[in-house]
Amino acid sequence: MKSLIIAAHPNLGESVINKRWLEELHKHPDLCTINVLSEHYPDGRIDVEREHRLVESHGSLIFQFPIYWFSSPPLLKTWFDDVLTHGWAYGRNGGDKLEERKAALAVTTGVRAEDYSPQGRYHYTLAQLLTPFETTLRYYCRADYQPFFAFYGAEQIPGEDYHSTTEEIERSVSNYVRFVESLS
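Each residue of the sequence shown is one higher than the one before, counting from 413 in the numbering used here.
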C-alpha cells in the first residue's frame, strides 16, 4: 500500500526543503499520497472523518514538518489532538487503527546537525526532542515507529555565513524519496 505523507508547514510557499521534497514526491503518485494540512484546513479545523479515511486507506504514515519551536507546527499538533481519538487510535475498544502500521517523521531543522547534540547550541539531540512523537505513536497508538529522516540546515543563520548548498538539498530530495520507498 502507498504511504500517506501528512505535511505540516506554517508557510509552505516560502519553504526551501519541505516544498522541494513535496515537489519531488508529486512525481511518484504510485508511491504516496500527499496530504498538505494547510491546503485542506486553512482555518485550522480538522475534518476528523476525512483524516481517518485517509489513514485507513494507506499503509504507512509519514509526518513531514519543520522543527518549529523545538516541536511541530501548530496545525500538526491540532491534527494529533483531533485525529488520534480514543476508540480509533488508542483504547481497548477499537483503538487499533495505527497498530503495527509503520509511522515515521521526516523533519527539517534549519540549522546544523552539531547544534543538536549535548555539546551543541541546544544541548539536546534531535531524537530527544522528537521523543513525544515516538512515545505517542509507538507506545500509545502501538504503531510500528520507524527511525526518522532529517535534513539539518537550510536557512541563513543570522550572523553566520552558513546555508545549505543546492547539492545538499538535491541529495536530501533523492534520499527522502528512498526513505518513503523503504516504508511502502
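We put the beta carbon where it would ideally sit given N, CA and C, even for glycine.
Of the residues L434, L416, A518, which one's Cα is nearest the Cα of L424? L434
Give me the Cα-Cα distance between I418 and P530, rounded to the nearest whole angstrom. 30 Å
So H464 and V495 are supposed to be a Cβ contact under 8 Å. How far apart are they, rounded? 7 Å
Residue of A525, P441, D556 minimising C-alpha distance to E511: Residue D556 is the option with its Cα nearest to E511.
Since L517 contacts F482 with CB under 8 Å, what's their CB separation in whole angstroms? Their Cβ separation, rounded to whole angstroms, is 14 Å, which puts L517 and F482 out of contact at 8 Å.
Check whether the stretch 520-536 and the stretch 471-490 are in contact - that is, three or more C-beta pairs closer than 8 Å. yes
Using only alpha-carbon positions, find the residue among K509, P478, D508 that is nearest to L541. P478
Pick from M413, G522, D455 that is closest to E426, judged by C-alpha positions: G522
Can you tell me which residues form a DSSP beta bridge with V589? Note: V589 sits in no beta bridge, so no partner.
Thinking just about the alpha-carbon of each residue, which of H452, G565, S469 is nearest to the one in L487? H452
Mapping DSSP to helix, strand and coil, what is V448? Looking at V448 - three-state DSSP - the assignment turns out to be strand.
What are the start and end residues of the alpha helix (DSSP H) that includes A501? Taken as a continuous stretch (DSSP letters only), A501 belongs to no alpha helix (DSSP H), as it is neither H nor E.
Could you check what DSSP says for Q558 in three-state terms: helix, strand or coil? Three-state result, Q558: coil.
Does DSSP put Y536 in a helix, a strand or coil? coil
DSSP beta-bridge partners of Y541: Correcting the residue type first, residue 541 is Leu in the shown sequence and not Tyr. Per DSSP, none; premise fails for L541.
Three-state secondary structure (DSSP) of A525: helix
What are the partner residues of P478, as DSSP defines its beta bridges? T520
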